[in-house]
Every structure is written in structure tokens, then in C-alpha cells.
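Below you'll find the structure, written out as C-alpha cells, and then a few comments.
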Amino acid sequence: MTKIIKKRMLSQVIAEIELLSPHIAKSQKPGQFVIIRVDDKGERIPLTIANSDKEKGTITVIVQAIGKTTTKLNSMETGDSVADVVGPLGKPSHIDYFGKVVTIGGGVGTAIAWPTTRAFKKAGNEVISIIGARTKELLILEQEMREVSDRIIVTTDDGSYANKGFVTDSLKGLIDSTIIPNLVLAIGPVPMMRAVSELTKKYAIPTVVSLNPIMLDGTGMCGVCRVSVAGKTMFACVDGPEFDAHKVDFEGLMQRLKVYQKEEKLSLELLKSWERVS
Amino acid sequence: MATLDKKERLKIPRQKMLEQDPLARIMNFEEVNFGFTPNLAMLEAQRCLLCPKPPCVAGCPVNIEIPSFISLIAEGKFTEAAKKIKETNSLPAICGRVCPQEEQCEGVCVIGKKGTPVAIGHLERFAADWERTHGEITVPEKAPSTGKKIAVVGSGPAGLTVASELVQMGHSVTVFEALHVPGGVLAYGIPEFRLPKDILGSEVDYLRKLGVDVVTDFVVGKTSTIEELLNSGYDAAFVGSGAGLPVFMSIPGENLNGVYSANEYLTRTNLMKSYLFPEYDTPIAKAKNVAVFGGGNTAMDSVRTAKRFGTEHAYLIYRRSWEEMPARLEERHHAKEEGIEFIFLTAPTRFIGDENGWVKGVECIKMELGEPDASGRRRPVPVKGSEYIIDVELAVIAVGNGSNPLIPLTTPDIQTNKWGNIIVKENSTATTKSGVFAGGDIVRGGATVILAMGDGKTAAKEIDTYLNKKGGE
Chain A
2 MTKIIKKRML SQVIAEIELL SPHIAKSQKP GQFVIIRVDD KGERIPLTIA
52 NSDKEKGTIT VIVQAIGKTT TKLNSMETGD SVADVVGPLG KPSHIDYFGK
102 VVTIGGGVGT AIAWPTTRAF KKAGNEVISI IGARTKELLI LEQEMREVSD
152 RIIVTTDDGS YANKGFVTDS LKGLIDSTII PNLVLAIGPV PMMRAVSELT
202 KKYAIPTVVS LNPIMLDGTG MCGVCRVSVA GKTMFACVDG PEFDAHKVDF
252 EGLMQRLKVY QKEEKLSLEL LKSWERVS
Chain B
498 MATLDKKERL KIPRQKMLEQ DPLARIMNFE EVNFGFTPNL AMLEAQRCLL
548 CPKPPCVAGC PVNIEIPSFI SLIAEGKFTE AAKKIKETNS LPAICGRVCP
598 QEEQCEGVCV IGKKGTPVAI GHLERFAADW ERTHGEITVP EKAPSTGKKI
648 AVVGSGPAGL TVASELVQMG HSVTVFEALH VPGGVLAYGI PEFRLPKDIL
698 GSEVDYLRKL GVDVVTDFVV GKTSTIEELL NSGYDAAFVG SGAGLPVFMS
748 IPGENLNGVY SANEYLTRTN LMKSYLFPEY DTPIAKAKNV AVFGGGNTAM
798 DSVRTAKRFG TEHAYLIYRR SWEEMPARLE ERHHAKEEGI EFIFLTAPTR
848 FIGDENGWVK GVECIKMELG EPDASGRRRP VPVKGSEYII DVELAVIAVG
898 NGSNPLIPLT TPDIQTNKWG NIIVKENSTA TTKSGVFAGG DIVRGGATVI
948 LAMGDGKTAA KEIDTYLNKK GGE
């Protein structure tokens, strides 16, 4: 059992959850994730470590309620415990001095981009961050990203806050004004990452994405998270989660994310009807 | 009880365990075999000739004193029989169920040469089950504490055995398991219908009673490295991290939806209990037609699992034939009874997807057996132009496992061979790193539970010797 030390809602559907997990807090590096199982009948889901505190022995994950497990997780409170937290898993982000780096966070992907952005800044890079969301309500970590960036651009698809448009529009704007980054990191929904990748490919800007396929054990044992990169099958849990965006088969990734669409819907509906009853 | 002479013993036919009817059992995930009744066990035990130089003992990788425990069963001393087995094998309820007895003890049984061998596996299982269900499990006395600490990586059969042996020698032992349930392949790989998880649970509880500390959700190599463990107070380490790396076939369409590795298919079912979805949260896909590729126990477990999910046509597609299958004979018979459709001398060449990216068929090619290969089995050779398509909406690849690279990758001074298996000294479990020992599938590649346990026993002795030497320096 792992205790929730602190929980707060960042928006109506996005929670920030701090977990007491000293071993993971000690060994984690930016870009790595944990696998969480909420309760004894729960499934195992991967969540990127957004922050950690070695002294307190805690790690923080940021979760948007989408399916049954994330909904259950977000309904837990400070003092509650989840059944299992294991990690840190995956390869850490490659942190180095690249020069000018643009980090892009879409929706809850901003939580994943945050620790790596912080590390890029610390490594001496000039960091421009672009964060976006569908609407103002889903925009998170603006202040936190601002603190670790030299410049920040905020977008909402519907224009309910800051610039109206997609994160790719802002990136295109930078490139058009001859700000050509040495590296782009893009983390968010697959269509967003694909759009960024297509854009940067045109300008031959090295681009890294962090992939979020379905996972089970998270240690390379089951192969469910396989994704085609440069025509080779890779396991996102051990070979990733970060890959060269220009080599990722996004089509295949999106297709494999749909395997359990029907079952996921059923699970969520059952949970909601149960909540209505009680 | 009157003692029978040899002739009388030979007259008794081999007794069969009671089992679930095939038509009933394909509707559930409960254990197929019910086991022997006490009467059946005593009758079967009387078939043993109690050979003075028993080949069965030599045929057992951990050298259980088979005639001794069998004669105790014949006398009705079931608990004593279990204790006898436990002198050499700490997991008899498991071995009685999953060992390939026909290749080991029973394969060399004297009466098996003319007739059918003594059902040693069934008797082992009976004794262990008797002891467990009659609450007669007692914890043996341990040697006085040595003050030495050993880290065991992985809680599969190798890890559980080495832990049990070392703790009884007076050492302090911590077992680290990456998953949320201990047992390794016994938990995630072997199905409930072959090895009920409460049996595994009670074996692990027994280790805990012995004083073994079992830590789950701890990935050695990630949460802490071997080096960090050795620097934080552990005097030695044993690596039994298994063959947890699925092998795919590198054929087109392998990433289509509905194509599973056997590890994923079995882990969802066994560890995550997806057969109880939606009560349990982990889903699994079901289909009318399912193809499983491979001929080993994992393939058999996968195809029989598929049948239990209501699959109409569950195909087992293997490139060799019935005789060459590495799976346990009992599983093959059970699979046959359950209506598994075997397609031999056939191999897949590509998967075909529908417009939504789901598998809808598999193209196969027929094979013929050529000259024997390195394994001594005749090598399958494709028959040109014999390709044909089988309609399936789900496929499971069970053609083998690689070794899990996590430990070697994070412990550079542990050397591995070209397949990624950890290299150990000849007839030993010592790795190239001082104080680190290894056994089971991470050394052998995909092998059996009992061979992993044999390695665990060897490792325990070697670790004990190593610690004594180290202490004396």
C-alpha cells in the first residue's frame, strides 16, 4: 500500500497526487514513470512522475480522469492509499546542453513535459515552452512551466484563454520568426505529437516525443506497449517512453490504443452507474 | 497392512486422478484435476517396487527420496510423506502439478519400462495437498542466525527455493519481486486451471513463516540496482529474474490489434484476473476463432485459456508434430479432450488485418520434417507454395521467451552470452561478479520450474560457502 500524502485538483478533472514512495523518489529521473494499481481488483496503468522530493520521500503524479482507473484515482483523498506503486520505469529523458530547446505540453501532457523542461533549463538550455489545452479548464501548470522557461506561450483550442489555436500554430510562429530550436520535445495527445512531428520534420528539427501506449507489467515482459520506430518493434516501457518523433509510426500507436475501447467504456459506465446508486 | 510382493504390485493398474469433465471445465477456470483420494493414493503407492537403487531419485533434478515418501503414503502416513518430500523440495504442491514427470522421475521408473510408471507426480501432489488442507504445516527449526543478509531478485521457482534454503541455514533473506504478486511465472504465467493461485499463496506464506521477507513492487535494476543493494548491507545476491522477454516472430502484421504475446495473454488472465472482467478492471479480447503458435507449455496454457473464454475454434498451430511438442504430456491430453484443434507442420507467414487494424486472418505455410537439428528434433522445412489462410480474430504468439535484460543492463560486471543469458561458472551458479549468483531461466533460457528450483538449491549451498569464506577472511 502506498499512501497519498497530498492531493489537490488542478482543474475539475485533473488531480495532482503526491505519494509516499521513498525508494522511487530517490532513484527517479525526469522522463521516467511509475505503474499504479488503485485497489485489489484494479488494472495497472503507467503515469509519468511529474515531480519528486527526495527529503520527504515523495513522488507526484498528475492524472486526468478519463477512464475507470483514473476516475477512481482522482476521487481518492489525502490520507488514502493505493494498492501498488512501482518504478521508476522506462529510460530517463536524455538531458544535455542542446542550445535552444522548445518543450511542448498538450493537455495533461504538460505534466510529463514539466520535469524534463526543468532539467533542460538546469542544463543551461534556452527554454521556450508552449503549453496548450482544448479549453481553459484543461490547462495546467502554467505557473510551474513559466518558472522553468525563458519564455512561455499559452494556447487554447477554443480561445477561452490566452492565444486561440493549436500548439503547432505557436511552434510554426516561432519558426517563421526565425527562432529555430535545436531540439523540440512534444508531449500530449497522439494527434498533437504527430502534428508537431510533421511540422519539425519539414525543417529537420530534431524532435522527441514521449509515448503513452497501453502497458501491463512495465518491465518489458509482456510486449503490449510495442510500437514501431524506424520500422523496428520497440517496447515503450523499456526502450522508451521517449523516441525520435520522426521515426515513430503514430498511425500504429493510435490503432493499438483502441484495443480495449469497448471494455474501457463499459468499465466507466459501470463505475458511474454505481456512483449514482450510492 | 500386508506387504505385497512384486507380482502383486505389478498387477495394480496405474490410478487416475479424478478430474473435471472436459465439457464442464472449458466453461470455468478452476483446476482440471481434483487429485487422488486417500484410497487411490495408497493403492497407487503400492505399485512402487521400492527399488534399492531407485533411478527415479536420480531422474529428479532435486533428488527427492521418492520411494521413501511413496512408502509413507502406502502406510497412510500422508503428512510424514509430505515432510519427507520437503526435506529436498520446498514446493511439492507446485512441482506435483507442473513438473514434466514423464521426462524425469516417471520417465526412468523401472515398472514404466514394460507398463506404465508409478504416478509419482500425482502422489507428490497428493501428499503436499494433504498436509496443506489438513493444517499440518509446521515450520522446521532454523539454524542460529548468521547475521548475513542475502538479496534474492525475482520470486519465481528459483528465487523461492534459494530463499527457503538460505533462511533455514540461518541467513536473513529478502526476496524482491517486480510485480504486485509474488511467484513470478507461477503467478503470471501458469493458469489457475493448472496451478490454483491459493496454492502458490500458501507456499509463499510458508516462506514468510520461515522468516523470508518478500517485497513486491520492487524492480531490481530500476528501484535499486544490485550494486546499490550490495552497498546497502546485503552480503550476497541471487538473480532469478527469469525469461521475461516475449519473442515475436518478425512477420508482417504482428502489431495488429488482437495479436498478443503469450506473456501478455496469460498475464492479463492469471495475474490480473481478466476472466473476471468487469468485476476486475483489466480487460482481455475474446474471439470466435483464436490461433496460438508454439508447441510448449506456454502455448498449451494459452490455447486452453482461449477455449475457456468461449472460443469456438481454438487452434494450436505448431511447425513440428505431436511427438516433438515440448509441452507436458498431460497438458497435451487435456488440450485434446477440451477440443483444441491441433494444426501440425504449419507455421505463420503473416497476419492479415481488417479496416480497423484488427487481425482477421493468418497466412500459414505447411512444413515437412527434414534432418535433425541441434536439439535432435527433425528440422521443419517450409513446403513451397503451400500457403493458405486461416480466419482468426485473435492470435497468441507462444514461440519462446528471451531473457529479461534489466539486470544485465544495470549490472555491467555480470556477463551474458549472445542470447542475453547470464553466464555462470561450469557446474555452478556463480556469475562473473563476486557475491552474485544466478539460476533458472535467466541462465538457462526457457526451461522448467524444477530445473530452476534445482539451481536455487545449488545456489543456496554456494552462497552459504561463499558467506562462510567471506566471514572467515
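Protein chains in written order, with the working numbering: chain A, 2 to 279; chain B, 498 to 970. Backbone N, C-alpha and C fix where the C-beta goes; we use that ideal spot for every residue, glycine too. For clarity, every value in this text was computed on a predicted model and none was experimentally measured.
Just the C-alpha distance for residue 511 of chain B and residue 551 of chain B, rounded to the nearest angstrom, thanks.
19 Å
What did DSSP end up calling residue 55 of chain A once you bin it into helix, strand or coil?
coil
Residues near residue 79 of chain A in its chain [Cβ-Cβ closer than 8 Å; skip 5 each side]:
5, 6, 7 and 8
Can you tell me which of the three DSSP states residue 668 of chain B falls into?
coil
Which residue or residues does DSSP assign as beta-bridge partners of residue 855 of chain B?
B:754
Are the C-beta of residue 882 of chain B and some C-beta of chain A separated by less than 8 Å?
By the rule that beta-carbons nearer than 8 Å mark a contact, residue 882 of chain B does not touch chain A.
Name the chain B residues that come within less than 8 Å of residue 94 of chain A, Cβ to Cβ?
Neighbours of residue 94 of chain A on chain B: none; closest Cβ ~15 Å, over 8 Å.
Best match in A:44, A:28 and A:52 for proximity to residue 18 of chain A [C-alpha to C-alpha]:
A:52
Run of the alpha helix (DSSP H) containing residue 786 of chain B, from where it starts to where it stops:
Premise fails: residue 786 of chain B lies in the beta strand (DSSP E), 786 to 790, not in any alpha helix (DSSP H).
Are residue 942 of chain B and residue 900 of chain B touching if we call contact CB-CB under 8 Å?
yes
Using a Cβ-Cβ cut-off of 6 Å (strictly less than) and excluding sequence neighbours within five positions of residue 758 of chain B, which residues of its own chain qualify?
Hits under 6 Å: 743 and 894.
Please go through the same chain and pick out, in chain order, the residues whose beta-carbon is closer than 7 Å to the beta-carbon of residue 543 of chain B, but skip the five residues on each side of it.
501, 506, 509 and 571
Partners in chain A for residue 826 of chain B, counting only beta-carbon separations shorter than 9 Å
Neighbours of residue 826 of chain B on chain A: none; closest Cβ ~28 Å, over 9 Å.
Residue 530 of chain B: first and last residue of the uninterrupted beta strand (DSSP E) it sits in
530 to 532 is the extent of the beta strand (DSSP E) around residue 530 of chain B.
Is there a Cβ from chain B that is less than 8 Å from the Cβ of residue 56 of chain A?
no
Interface residues of chain B around residue 89 of chain A at Cβ under 8 Å?
719 and 720
With 8 Å as the threshold, decide whether the Cβ of residue 769 of chain B is near any Cβ in chain D.
You won't find chain D in this structure, because its protein chains are A and B.
Nearest residue (CA-CA) to residue 14 of chain A, options A:238, A:108, A:210 and A:235:
A:108
Confirm, please, whether the CB-CB distance from residue 206 of chain A to residue 181 of chain A is below 8 Å.
Between residue 181 of chain A and residue 206 of chain A, the gap from beta carbon to beta carbon is short of 8 Å.
In the structure shown, what three-state DSSP assignment does residue 220 of chain A receive?
coil
Roughly how many angstroms separate the alpha carbons of residue 849 of chain B and residue 184 of chain A, rounded to a whole number?
38 Å
Between which two residues does the beta strand (DSSP E) carrying residue 132 of chain A extend?
127 to 134
Which residues in chain A have a C-beta closer than 8 Å to the C-beta of residue 782 of chain B? List them in chain order.
260 and 261
Sorted by chain position, which residues of the same chain lie with C-beta nearer than 8 Å to residue 853 of chain B's C-beta, five sequence neighbours on each side aside?
754
Does any residue of chain B bring its CB to less than 8 Å from the CB of residue 267 of chain A?
It does: the Cβ of residue 267 of chain A has a partner Cβ on chain B nearer than 8 Å.
Runs of alpha helix (DSSP H) wholly within the region 701 to 767 of chain B (minimum 4 residues, chain order):
For the region 701 to 767 of chain B, whole alpha helix (DSSP H) runs of length 4 or above, ordered along the chain, are 723 to 728 and 759 to 763.
Cutting at 6 Å between CB atoms, please list the residues of its own chain near residue 860 of chain B, excluding the five before and the five after it.
846, 847, 884 and 886
Using only CA atoms, which one of B:785, B:662, B:639 and B:566 lies nearest to residue 582 of chain B?
The shortest C-alpha to C-alpha distance from residue 582 of chain B to any of B:785, B:662, B:639 and B:566 is the one to B:566.
Delimiting residues of the alpha helix (DSSP H) encompassing residue 104 of chain A:
Residue 104 of chain A -> not in any alpha helix (DSSP H); beta strand (DSSP E) instead, spanning 101 to 107.
Here's a check: name, in chain order, each residue in its chain whose Cβ is nearer than 6 Å to the Cβ of residue 133 of chain A, leaving out the five neighbours to either side.
107, 156 and 168
Measure the alpha-carbon distance for residue 131 of chain A versus residue 745 of chain B and round it to whole angstroms.
So the alpha carbons of these two residues sit roughly 39 Å apart.
Same chain only: Cβ atoms within 6 Å of residue 735 of chain B, ignoring 5 sequence neighbours per side
649, 659, 934 and 956
For residue 958 of chain B, does the three-state DSSP call read helix, strand or coil?
helix
List the residues of chain A whose Cβ lies closer than 7 Å to the Cβ of residue 758 of chain B, in chain order.
223 and 224
Would you please verify whether the beta carbon of residue 810 of chain B is less than 8 Å from any beta carbon of chain A?
no
Which bits of chain B does residue 86 of chain A rub up against, with CB to CB less than 8 Å?
714
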